[in-house]
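Numbered by the numbering used here, the letters in the sequence shown go through residues 235 to 539 in order. Where is the CB? At the ideal position from N, CA and C, for every residue including glycine.
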Amino acid sequence: CKETWGTLCADATSACTPQSCFRLASVSKQFTAAAILRLVEQDRLRLDDPLSKFFPESPTFWRTINIHHLLTHTSGLADYENLIPHEQRLQLTDGNVLNLLLDVNQPNFPPGSKFAYSNSGYALLGLIVEIASQRPFPVFAREAVFGPVGMPSAQLYLRGLSRPSERVYGYRRDGDAWEFADQSATSAVLGDGGVYASLDDLQAWLLALDRGEALAPESLKLMFHPHVVSDRSDDAGGYDAYGYGWFVGRRRGQTVYLHAGSTCGFSLMVQRFPERRGAVALLLNQYRNDATDAFVEQVVETLLP
């Protein structure tokens, strides 16, 4: 079932509908992973390709980092958000992220040795999609990921270059009032969180995953395989391990694939329960709403009594 509440922005009368597009934040990572896996299916790249193949000007240690490491947050690369100047106001692009990372001469840990969640890897993956496909990332994603599964509104959004047809705007609470908070310095980075999509789009995607139609069987196996133990496994149900763009774990005795998203003006959660052939998706245009997890838990309790 699908339910929507509210309006597209605080001063609008247009109602939010299942066709209204939200910024997916880190939920976008599964679509970046899907684009990479599609390129693997097309023999345009390999998961063990080193970063130096795509970025020949990179530091020497990038030769020891491969695409699999980026997908699983095991690259050892610094998180670019920690490298952004405090006074940064202009929006960064994936290319700007690359330039920040090129100035770092050593990894935080040996590549492949452990998990450390980092947005840097997925920003680089977006650039790798462009290099390998010889297409702009938004175009390749539309043609190879969104289009085949019936996600007509989904897109990698860049202000001034593209515009979702029915867009929801983001807010955050400031005391007792709501403050407009729709864009930040990182909002134009595409690979780690730039997808806008509607509830209808996500339903089509989740159904395609459930039916095994979103990608080739081997790609789906790789996407949902628990490649590496997560650093969140001790204190968060379902976050035991990481696949490609999804956390993998167990909840209430059931396998669960999940990912949350949180960014300027938006909070999101998507969970899949393959053994029950069920899924839950919650999209909010509110930054870090404390009710998000509680609401999802209530739905999960109904799905998994």
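- If one requires a minimum length of 4 residues, the alpha helix (DSSP H) runs lying completely within the region 318–397 are 328–336, 354–367 and 371–375, in chain order.
- Collapsing the DSSP output to three states places serine 286 in a helix.
- If you draw a straight line from the Cα of glutamine 340 to the Cα of proline 319, it comes to about 19 Å.
- Runs of the beta strand (DSSP E) lying entirely within the region 450–522 and spanning at least 3 residues, in chain order: 481–485, 488–497, 500–507 and 512–518.
- Secondary structure note for alanine 431: its beta strand (DSSP E) is the uninterrupted segment 429–432.
- Counting only runs of 4 or more residues that sit fully inside the region 245–272, no alpha helix (DSSP H) segment turns up.
- Tyrosine 405 carries a strand assignment under DSSP once its states are collapsed to helix, strand and coil.
- Exclusion of the five residues before and after valine 423 leaves Leu326, Thr327, Asp328, Val331 and Ala357 as the residues of its chain whose Cβ lies within less than 7 Å of its Cβ.
- Residue pairing by DSSP puts asparagine 300 in a beta bridge opposite Pro284.
- As the crow flies, the alpha-carbon of alanine 475 is around 11 Å from that of tyrosine 351.
- Inter-residue distance for arginine 272 and aspartate 410 is about 46 Å (C-alpha atoms, whole angstroms).
- The beta carbon of arginine 466 is closer than 6 Å to those of Tyr473 in its chain, skipping five residues each way along the sequence.
- Residues of the same chain with a CB within less than 6 Å of the CB of phenylalanine 288, apart from the 5 flanking positions on each side, are Ile362 and Ile365 in chain order.
- By the Cβ-count criterion, alanine 528 is exposed, with fewer than 16 other Cβ atoms from all chains shown falling within 10 Å of its own Cβ.
- Secondary structure of aspartate 444 (DSSP, three-state): helix.
- Taking the C-beta atoms as reference points, aspartate 435 is found nearer than 9 Å to phenylalanine 380.
- Less than 9 Å divides the Cβ of phenylalanine 349 from the Cβ of threonine 306.
- Three or more Cβ pairs drawn from the region 503–515 and the region 478–494 lie within less than 8 Å of each other, which places the two stretches in contact.
- Sequence-distant partners of leucine 336 (beyond 5 residues in either direction) whose C-beta falls short of 8 Å from its own C-beta, in its chain, are Phe289, Glu291, Ser292 and Pro293.
- Comparing alpha carbon positions, the residue from Phe374, Tyr430 and Ala268 closest to leucine 392 is Tyr430.
- Taking 9 Å as the cut-off, the beta carbon of glycine 477 is found closer than this to the beta carbon of phenylalanine 458.
- By the neighbour-count criterion, in which a residue is buried when 16 or more other Cβ atoms sit within 10 angstroms of its Cβ, lysine 455 is exposed.
- DSSP, read as helix, strand or coil, puts threonine 308 in coil.
- In the three-state DSSP reduction, glutamine 276 falls in the coil class, being neither helix nor strand.
- Here the C-alpha atom of glycine 428 lies approximately 9 Å from the C-alpha atom of valine 261.
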